[in-house]
Every structure is written in structure tokens, then in C-alpha cells.
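One structure below.
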Amino acid sequence: MQGRFISFEGTEGVGKTTAIEALIDRLADRGIQVLRTREPGGSELAEQLRQLFLNPDTDMNADTEILLMFAARSDHLHQVILPAIKSGQWVVSDRFFDSTVAYQGFGRYQGDQAALAKIELLIEQFVPIHPDVTLWLDLDVTTGMQRAAKRSAADRVEANDIAFFERVHQGLAYQHSQHPNRIHRIDANGTVADVAARIDAALGLD
1 MQGRFISFEG TEGVGKTTAI EALIDRLADR GIQVLRTREP GGSELAEQLR QLFLNPDTDM
61 NADTEILLMF AARSDHLHQV ILPAIKSGQW VVSDRFFDST VAYQGFGRYQ GDQAALAKIE
121 LLIEQFVPIH PDVTLWLDLD VTTGMQRAAK RSAADRVEAN DIAFFERVHQ GLAYQHSQHP
181 NRIHRIDANG TVADVAARID AALGLD
């Protein structure tokens with residue numbers, strides 16, 4: 001039996017990690033084997049690229065970011081995601097290509113249509129499988145950044161200003177408008193149980 005592929009998206013501090021852990025626990029209670037992964041990262045090579053990408057001392061332009069993301073994603077897909085799904089596992093990924101549209105296409109390129117077209121072409125050429133369901137945890141950007149600030153020192157992405165993350169949020173909203181059947185907007189306000197119930201409803205698990 002083919003597994004399912006679920007991705008989580010959101011700006012900083014929306015609670016993705018907590019929501020993913022809780023979902024995996026609920027799926028395990030149903031006897032569903034789940035592979036948890038993340039982007040950038042997930043495979044040995046992609047994790048090395050993640051360290052480079054997030055290092056505050058790394059200086060790279062927006063095009064380099066895009067190409068690095070797709071290099072990491074290609075290895076991640078072929079080494080981890082595709083084999084797991086073919087074996088019947090469910091895959092839950094903290095971010096996938098919607099983040100590239102949001103962070104690079106909107107955060108870096110401010111929604112420039114030529115940049116978005118380049119990203120879409122790379123998705124078409126190098127991403128052979130799309131998530132069955134994408135859960136966009138939506139929270140006020142300022143609230144999320146205040147939460148994120150309580151964590152460890154900011155990495156290269158987290159160090160951006162609020163205007164950058166407002167554009168990222170705009171990018172996620174754009175993706176939701178383009179793919180309303182795949183992407184489910186989940187209100188990330190409330191308790192962990194509140195958010196879990198909304199996720200279960202979106203996945204048909206309630």
C-alpha cells in the first residue's frame with residue numbers, strides 16, 4: 001500500500017514542531033507508521049546543506065538560495081521521501097516546496113513574477129511528487145516572531161526583519177489561493193489540543 005505525504009508550512013514560531021509531534025503520536029495510536037523529516041534537510045547531504053544555508057556567516061544571494069534548496073530537496077526526495085512512501089509509510093515533513101515559494105519567491109524576491117516562474121519551473125522539473133495534504137499553520141507574524149525569539153539564537157533566516165516575514169506570510173497565502181484543495185489553512189491560535197483538532201479535521205481523522 002502506498003503511503004501518504006503530509007507537509008507542514010508556516011512562518012516562524014507558529015508551533016509546527018509541537019503540532020507535528022502531536023500528529024505523529026495520534027497516527028501511531030492508529031497503527032500508522034510515520035517517517036518524520038524536514039526541509040532543508042532530511043538526508044545526510046541535505047542536512048549538510050541545511051547547516052550551510054542557516055549559518056549566519058554564510059553570504060548568498062536569492063538565486064543561490066533557491067538552487068541550494070532544490071539541490072537539498074532532490075537528495076531528500078530520492079534518498080528518503082520516495083522510498084518511504086513506496087514502502088507504505090506515511091511521511092510528515094516540516095516544510096516542503098511551498099516554503100521556497102514563500103521564503104525565496106516572496107521573502108527575497110517580493111513576489112516578483114519572473115522569480116516565481118523560475119521556482120515553478122524547478123518544481124515541475126525536479127519534484128516528482130507533491131504532498132497529498134499541506135497544513136499551513138497560520139498565526140499573526142508578530143506573535144510568531146515573539147515566540148521564536150524565546151528560542152535559541154537566531155539563524156540566518158530567523159534574523160530577517162518583520163517585513164521579510166510579512167512577505168513570507170503573503171507567499172503562503174498566495175500558495176493557498178493557488179492550491180486550495182491541497183493546502184489547508186489551520187488557525188494556529190489556541191491550545192495544542194485546539195490546533196490538533198483542526199488538523200485532524202483537515203486530515204479526516206476526527
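Going by UniProt numbering, 3 is the number at position 3 of the sequence shown; the sequence numbering is gapless. Even for Gly, the Cβ is constructed at its ideal location relative to N, Cα and C.
{"query": "Stretch pair the segment 154-163 + the segment 26-43: three plus CB contacts closer than 8 Å", "result": "no"}
{"query": "Own chain, CB closer than 7 Å to residue 79, minus 5 neighbours either side, in chain order", "result": "43"}
{"query": "Closest Cα partner of residue 11 within the set 185, 191, 203 and 194", "result": "185"}
{"query": "Inter-stretch contact (C-beta, 8 Å, three-pair minimum) for the segment 188-200 and the segment 66-85", "result": "no"}
{"query": "Residues bridged to residue 152 (per DSSP)", "result": "Answer is none; residue 152 lacks a bridge partner."}
{"query": "Nearest residue (CA-CA) to residue 143, options 75, 165, 46 and 154", "result": "165"}
{"query": "Residue-chain proximity (residue 12, chain B), Cβ-Cβ < 8 Å", "result": "Going by chain labels, chain B is absent from the structure shown, which holds only one protein chain."}
{"query": "Residue(s) in a DSSP beta bridge with residue 9", "result": "136"}
{"query": "For residue 122 and residue 114, the rounded distance between their alpha carbons", "result": "13 Å"}
{"query": "DSSP state of residue 34 mapped onto helix, strand, coil", "result": "strand"}
{"query": "Inter-residue CB distance, residue 21 and residue 99 (contact presumed, cutoff 8 Å)", "result": "With 8 Å as the limit, residue 21 and residue 99 do not qualify as a contact, their Cβ atoms being about 19 Å apart."}
{"query": "Under 8 Å between C-beta atoms of residue 136 and residue 179", "result": "no"}
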